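Everything in the sequence shown is counted per my numbering, starting at 2 for the first residue and increasing by one. Working notes for the structure below.
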Amino acid sequence: MSRFLAKGSILIGSLFLVQISAAQEQTSTGANSNGATTSGFTGQSLDAQYWNLSQTEVNRLESLKQKFRPFADVDVMSPYEILGLGAETEAERAKYAKSYIRARSEHQRSTIAWAVTVSEVDSKMEDHADFLREDPNITRYLYQNGSNGTVDNGLVPASDTPTQSGIGTDQYHLFIPKGCDRCQRLYGKALQDLIDGAVQKINIVFTTDFSNNQIISWTDGVNIDVDLLKTKVITLNRMDSQWGAVVAGRSLPLLVNSGTGDAFN
Numbered sequence: 002m003s004r005f006l007a008k009g010s011i012l013i014g015s016l017f018l019v020q021i022s023a024a025q026e027q028t029s030t031g032a033n034s035n036g037a038t039t040s041g042f043t044g045q046s047l048d049a050q051y052w053n054l055s056q057t058e059v060n061r062l063e064s065l066k067q068k069f070r071p072f073a074d075v076d077v078m079s080p081y082e083i084l085g086l087g088a089e090t091e092a093e094r095a096k097y098a099k100s101y102i103r104a105r106s107e108h109q110r111s112t113i114a115w116a117v118t119v120s121e122v123d124s125k126m127e128d129h130a131d132f133l134r135e136d137p138n139i140t141r142y143l144y145q146n147g148s149n150g151t152v153d154n155g156l157v158p159a160s161d162t163p164t165q166s167g168i169g170t171d172q173y174h175l176f177i178p179k180g181c182d183r184c185q186r187l188y189g190k191a192l193q194d195l196i197d198g199a200v201q202k203i204n205i206v207f208t209t210d211f212s213n214n215q216i217i218s219w220t221d222g223v224n225i226d227v228d229l230l231k232t233k234v235i236t237l238n239r240m241d242s243q244w245g246a247v248v249a250g251r252s253l254p255l256l257v258n259s260g261t262g263d264a265f266n
């Protein structure tokens, strides 16, 4: 399929089936007096009200950052992680652990909700492939990587003969209907093959009667990592005519390898 954002898709996404650890957003505020880069969690820029921290906790946070800096990348850690590492009692440690888990879950849910909404809006917009091909460097890149000149899923080379190009381009298309009991097993196979390098991407295609909230709930249920959304390893899609052509009248659920044509259900 030829879409800049992969017609109706956002690539989701560290590999799954392990505990998700979604990194908190980092903002850089320049260099401090000792040459180290300060994070968005400094005393000057930390939003203590957002993190629900007292002034005592803010002061302690800065002290702990200097203490842990030789051993950990504190500039990309959340305040709760740093305060939890420096906790003096088990009760205090548990308090910050609960706060961290709640904040992490909110971040994951908002990231997936954003991906679903962008997918919904993008599916109703015009195809961007022709616009992209106006850039000769893009077209040259696609041809050099065995593409045949088409834009597939956001400039990921898609060759009809991946073995000749020497680049693994196979993708899985996982078609999910409502009330699917076998979809988690099919997703697990697709994920394992992704981990093993057998495929480069997983496109998850939901039937049109899925609501946005139901898509978000399904992705929560299989623990899709938001890092894979951001790094464009997994896509969320809604069924349309192009995806319907891939299904070609076969019953759902269905997992299809784009390169080999192998199908599993």
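By construction, the Cβ of each residue, glycine as well, lies at the ideal position given by its N, Cα and C atoms. Owing to the predicted nature of the structure, the values given are computational and were not obtained by experimental measurement.
Counting the other Cβ atoms within 10 Å of the Cβ of Gly250 gives fewer than 16, which makes it exposed. The continuous alpha helix (DSSP H) containing Asn213 extends over residues Asn213 to Gly222.
In summary, Ile102 is exposed, with fewer than 16 beta-carbon neighbours lying within 10 Å of its beta-carbon over all protein chains present.
Gly262 sits exposed, since fewer than 16 C-beta atoms from the chains shown fall within 10 Å of its C-beta. The Cβ atoms of Thr209 and Met240 sit closer than 9 Å to each other. Proximity of the stretch 195-215 to the stretch 87-102 falls short of the contact definition, fewer than three beta-carbon pairs being nearer than 8 Å.
Taking 8 Å as the upper bound for CB-CB distance, Leu255 and Phe207 are not in contact here, some 13 Å apart.
DSSP assignment within the stretch 83-137 yields the following whole alpha helix (DSSP H) runs of 4 residues or more, N-terminal first: 91-123 and 130-134. Contact check for Gln172 against Ser259 passes: the beta carbons are separated by less than 9 Å. In this structure, the beta-carbon distance from Leu195 to Ala116 does not fall below 9 Å.
Excluding its 5 nearest sequence neighbours in each direction, Gln67 has no C-beta neighbour in its own chain below 7 Å.
Ranked by Cα distance from Leu54, the options Leu230, Lys190, Lys179 and Glu82 are led by Glu82.
When the Cα atoms are used, Glu107 and Ile113 turn out to be separated by approximately 10 Å. Val234 sits away from Val247, with the two beta carbons spaced by 9 Å or more. A distance below 9 Å separates the beta carbons of Asn266 and Leu187.
Excluding five sequence positions before and after Gly87, the CB atoms of its chain that fall closer than 6 Å to its own CB belong to Leu65, given in chain order.
Counting the other Cβ atoms within 10 Å of the Cβ of Arg105 gives 16 or more, which makes it buried.
Val227 and Gln185 have their alpha carbons spaced roughly 18 Å apart.
Looking at Leu229, Ala191 and Pro178, the one whose alpha-carbon comes closest to that of Gly245 is Pro178. Setting aside the 5 residues that flank it on each side, Phe69 is surrounded in the same chain by Val75, Ile83, Leu86 and Gly87, each with a C-beta closer than 8 Å to its C-beta; the list follows chain order.
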